[in-house]
Every structure is written in structure tokens, then in C-alpha cells.
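Q:
Numbering (the working numbering), first residue to last: 52 to 150.
1. Taking the CB atoms as reference points, tell me whether residue 109 and residue 85 lie closer together than 8 angstroms.
2. When you compare only the Cα positions, how much space is there between residue 48 and residue 111?
3. Does the Cβ of residue 140 have 16 or more other Cβ atoms within 10 Å, making it buried, or fewer, making it exposed?
4. Less than 8 angstroms between the C-beta atoms of residue 104 and residue 146, yes or no?
5. Would you tell me roughly how many angstroms separate the C-alpha atoms of residue 63 and residue 150, rounded to the nearest one?
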């Protein structure tokens with residue numbers, strides 16, 4: 052394990068998977084990647100959109116400045132805290148395809 056390789060893997064695989072799941076409203080994938088508390092926070096606006104008949108039509112443009120901030124042992128196991136910046140186009144459409 053090297054921090055540099057881990058950050059590269061995060062930027063190429065893990066972070067894009069999580070962000071793509073968020074912009075697609077894919078709760079199943081989000082649940083696979085996130086602990087329950089974080090999942091509930093991320094899932095709430097997605098569930099609200101779906102209940103209102105809205106559709107997420109968004110796109111991830113870029114992910115950069117990925118940094119490993121800290122690591123610590125928690126009850127559920129080791130946790131690594133990362134920060135990053137992403138550029139996204141966030142669009143929500145109603146049932147008539149209006150933005």
C-alpha cells in the first residue's frame with residue numbers, strides 16, 4: 052500500500068463511481084460505497100426528487116486536488132478521510148422534461 056497509488060485509484064475509480072451514482076440517483080451503488088450515516092445524508096435529496104417525479108440529468112466534468120487528510124480507526128473499521136474538488140453540471144428535470 053502506498054498513499055500515492057491509493058489516491059490515484061480513488062481519482063480513477065472510487066470517487067467517480069460515487070459521484071456518478073449520486074448524479075444518476077443510483078441508491079444501490081451509493082449504499083455499497085457508504086456507511087449508513089453518510090448514505091442517509093446523500094440519499095435524502097435523491098429520494099425527494101424521485102418522490103416528486105423529478106429526474107436527475109447531471110454530468111461530472113472533472114475531479115482534481117485529491118488529498119488524503121487523515122485516517123483513523125472507528126468501530127466499523129479503518130476510515131480514511133479524503134478531500135477533492137469536482138466540477139459538475141447539476142440538472143433536475145420534472146415529469147415534462149422542464150429544467
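Glycine included, every Cβ here is placed at the ideal spot set by N, Cα and C.
A: Short version:
1. Here residue 109 is not near residue 85, since their CB atoms are 8 angstroms or more apart.
2. Absent from the model: residue 48. The displayed extent of the chain is 52 to 150, so no value can be given.
3. Counting Cβ neighbours within 10 Å, residue 140 comes out exposed, since fewer than 16 surround it.
4. Residue 104 is a Cβ neighbour of residue 146, given a cutoff of 8 angstroms.
5. Cα atoms of residue 63 and residue 150: separation of roughly 30 angstroms, rounded to the nearest angstrom.
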